[in-house]
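Enquirer:
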Amino acid sequence: MHLSSLYRFPLKSAAGESLQQCPSDALGLLGDRRWMVVAAGTGRFLTQRAVPRMALLQAHWQDEMTLRLGAPGMPELLVPVPDDTTLRCVQIWNSNPVVPDAGEAAAAWLSEALGQACRLVHLPIDDGIQVDLDYARLGERTAFSDGFPFLLIGQASLDDLSRRVGRSLEMLRFRPNLVVSGAEPYAEDSWKRIRIGALTFRVVKPCSRCVIPTLDPLTAERAADREPLTTLLSYRKGPGGVFFGQNLITEGCGELAVGMPLEVLE
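Numbering-wise (full-length UniProt numbering), the sequence shown opens with residue 1 and increments by one.
Here it is, written out as structure tokens:
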């Protein structure tokens, strides 16, 4: 078994980056989901659930201090990491972090791209969000993810789902950080601790799925048949939702690279 793909999502709910290698830090992959779009009036986070067009937003780290934004029909915009001159209280699920606002140029660009008034905010590493203590230890934090610093999916699991749906599905519909090849379908469901390269991870919770996987990541169009959610409902439903993939917490920081071996420790 080995790490076959590695993805980073610099801007929450925007398109992802395929990487060959990336270090991890205290919040997950370096640069993963450190930026977020919020409604201008309320500060509530925006995602593809309500704003499907976000799938067409491109966000790349120009360097560790600059985000490069792109969207169809829009000029590229470089956004520097903001200082703490302007802070904004935002809402992401049950958390209300106070974080730096990225300024008027970024707000205007995103408001035009998405067709609604919004702001762009950034999460400094020192302001990470505590992971749910039902699954994590005190001090274990994440960025603007939906709850956990890493999401892992087995390639064989996606292949099995594609077979059941009757068409090939893109892995990016499910927005994982780590894709593993060489395991049986859904083998990740039984893992409790794994090692990839020199990094050890705890497998803490199955990932409950929303409507986002029904969006084509290239067109932002929702599937009329609500696939693959319809098929997942037929065989992956459990208490609290429909599950596909596993949420992970790492024990330490280090380098991850495509091709690294995966070892199941428990």
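By construction, the Cβ of each residue, glycine as well, lies at the ideal position given by its N, Cα and C atoms.
Assuming Leu-152 contacts Gly-240 (C-beta within less than 8 Å), just tell me the rounded distance between them.
Expert: Reading the sequence shown from its first residue, position 152 is the one you call residue 152. Reading the sequence shown from its first residue, position 240 is the one you call residue 240. Going by Cβ atoms, the distance from Leu-152 to Gly-240 rounds to 19 Å, so no, they are not a contact pair.
Enquirer: Quick check: the Cα distance between Lys-205 and Ser-157, rounded to an integer number of angstroms?
Expert: The residue given as residue 205 occupies position 205 in the sequence shown. The residue given as residue 157 occupies position 157 in the sequence shown. Answer to the nearest angstrom: the Cα atoms are 16 Å apart.
Enquirer: Please classify Pro-213: does DSSP put it in a helix, a strand, or coil?
Expert: Position 213 of the sequence shown, counted from the first residue, corresponds to residue 213. DSSP places Pro-213 in helix when its eight states are reduced to three.
Enquirer: Cα separation between Glu-221 and Ile-212?
Expert: Here residue 221 refers to the residue found at position 221 when the sequence shown is read from its first residue. Here residue 212 refers to the residue found at position 212 when the sequence shown is read from its first residue. Roughly 10 Å between the two C-alpha positions.
Enquirer: Just curious, the alpha helix (DSSP H) that Glu-263 is in, first and last residue?
Expert: In the sequence shown, the residue the question calls residue 263 occupies position 263. Counting along the chain, Glu-263 falls outside any alpha helix (DSSP H), though it belongs to the beta strand (DSSP E) covering 262 to 264.
Enquirer: Reducing DSSP to helix, strand and coil, say where Tyr-186 ends up.
Expert: The count along the sequence shown starts at 1 and reaches residue 186 at position 186. In the structure shown, Tyr-186 sits in coil (DSSP, three-state: anything other than H, G, I, E or B).
Enquirer: Give me the residue from Pro-80, Gln-58, Gly-166 with the minimum Cα distance to Gly-70.
Expert: Here residue 70 is taken as the residue at index 70 of the sequence shown, counted from 1. For the residues Pro-80, Gln-58, Gly-166, the minimum Cα distance to Gly-70 belongs to Gln-58.
Enquirer: Spell out a yes or no on whether the region 33 to 52 and the region 191 to 205 are touching, meaning 3 or more CB-CB pairs, one atom from each, closer than 8 Å.
Expert: These segments do not touch.
Enquirer: Let me check understanding here. Comparing Cα to Cα, which of Thr-86, Gly-154, Gly-259, Ala-136 lies closest to Leu-123?
Expert: Your numbering for residue 123 matches position 123 in the sequence shown. The shortest Cα separation from Leu-123 among Thr-86, Gly-154, Gly-259, Ala-136 belongs to Thr-86.
Enquirer: Quick one: what does DSSP say Val-51 is sitting in, helix, strand or coil?
Expert: As a working note, residue 51 is residue 51 in the sequence shown. Val-51: coil per DSSP, three-state reduction.
Enquirer: Just how far apart, CA to CA, sit Met-65 and Glu-17?
Expert: Position 65 of the sequence shown, counting from 1, holds the residue named residue 65. Position 17 of the sequence shown, counting from 1, holds the residue named residue 17. Straight-line Cα distance between these residues: approximately 17 Å.
Enquirer: Secondary structure at Thr-86, three-state DSSP: helix, strand or coil?
Expert: Counting from one through the sequence shown, the residue named residue 86 turns up at place 86. It is coil, neither helix nor strand.
Enquirer: Where are the beta strand (DSSP E) runs, 3 residues long or more, that stay fully inside the region 9 to 44, in chain order?
Expert: Those beta strand (DSSP E) runs which fall completely within the region 9 to 44 and span 3+ residues are 17 to 19, 21 to 25, 35 to 39.
Enquirer: Check whether the region 224 to 232 and the region 143 to 151 are in contact - that is, three or more C-beta pairs closer than 8 Å.
Expert: Because the criterion of three Cβ pairs below 8 Å is not met, the region 224 to 232 and the region 143 to 151 do not touch.
Enquirer: Less than 8 Å separating the beta-carbons of Pro-75 and Ala-102?
Expert: What you label residue 75 is simply residue 75 of the sequence shown in a count that begins at 1. What you label residue 102 is simply residue 102 of the sequence shown in a count that begins at 1. Contact flag unset, no.
Enquirer: Could you give the distance in angstroms between the alpha-carbon of Val-179 and the alpha-carbon of Asp-132?
Expert: As a first step, residue 179 is located in the sequence shown; it is residue number 179 there, counting from the start. As a first step, residue 132 is located in the sequence shown; it is residue number 132 there, counting from the start. Approximately 23 Å, taken between the alpha carbons.
Enquirer: Over what stretch of residues does the beta strand (DSSP E) that includes Ala-107 continue unbroken?
Expert: Position 107 of the sequence shown, counted from the first residue, corresponds to residue 107. No beta strand (DSSP E) holds Ala-107; the alpha helix (DSSP H) holding it covers 104 to 114.
Enquirer: Mind checking whether Pro-176 and Ala-55 have CB atoms under 8 Å apart?
Expert: The residue labelled residue 176 in the question sits at position 176 within the sequence shown. The residue labelled residue 55 in the question sits at position 55 within the sequence shown. Cβ distance not < 8 Å, so Pro-176 and Ala-55 don't count as in contact.
Enquirer: Between Ala-257 and the rest of its own chain, which residues show a CB-CB distance below 6 Å, the 5 nearest in sequence each way excluded?
Expert: For this step, residue 257 is matched to residue 257 along the sequence shown. Contacts found: Gln-21.
Enquirer: Along the chain, where does the alpha helix (DSSP H) containing Gln-155 start, and where does it finish?
Expert: Working through the sequence shown from its first residue, we reach residue 155 at position 155. Note, Gln-155: alpha helix (DSSP H), 155 to 165.
Enquirer: What's the C-alpha gap between Glu-188 and Ala-107?
Expert: Within the sequence shown, residue 188 is the residue found at index 188, counting from 1. Within the sequence shown, residue 107 is the residue found at index 107, counting from 1. Taking the straight line from one Cα to the other gives about 40 Å.
Enquirer: Look at the alpha carbon of Gly-252 and the alpha carbon of Leu-77, and state the distance between them as a whole number of angstroms.
Expert: In the sequence shown, the residue the question calls residue 252 occupies position 252. In the sequence shown, the residue the question calls residue 77 occupies position 77. The alpha-carbon atoms of Gly-252 and Leu-77 are separated by roughly 34 Å.
Enquirer: Could you work out which residue in Gln-91, Asp-127, Asp-126 is closest to Val-37 when comparing CA atoms only?
Expert: The residue given as residue 37 occupies position 37 in the sequence shown. Residue Gln-91 is the option with its Cα nearest to Val-37.
Enquirer: Assign Ile-125 to buried or exposed, taking buried as 16 or more other Cβ atoms, counted over all protein chains shown, within 10 Å of its Cβ.
Expert: On the sequence shown, position 125 is the one that residue 125 refers to. Ile-125 should be labelled exposed.
Enquirer: Could you have a look at Asn-3 and say whether DSSP puts it in helix, strand or coil?
Expert: Here residue 3 refers to the residue found at position 3 when the sequence shown is read from its first residue. Here the sequence assigns Leu to residue 3, which means Asn is not the residue at that position. Residue state, collapsed to three classes: strand.
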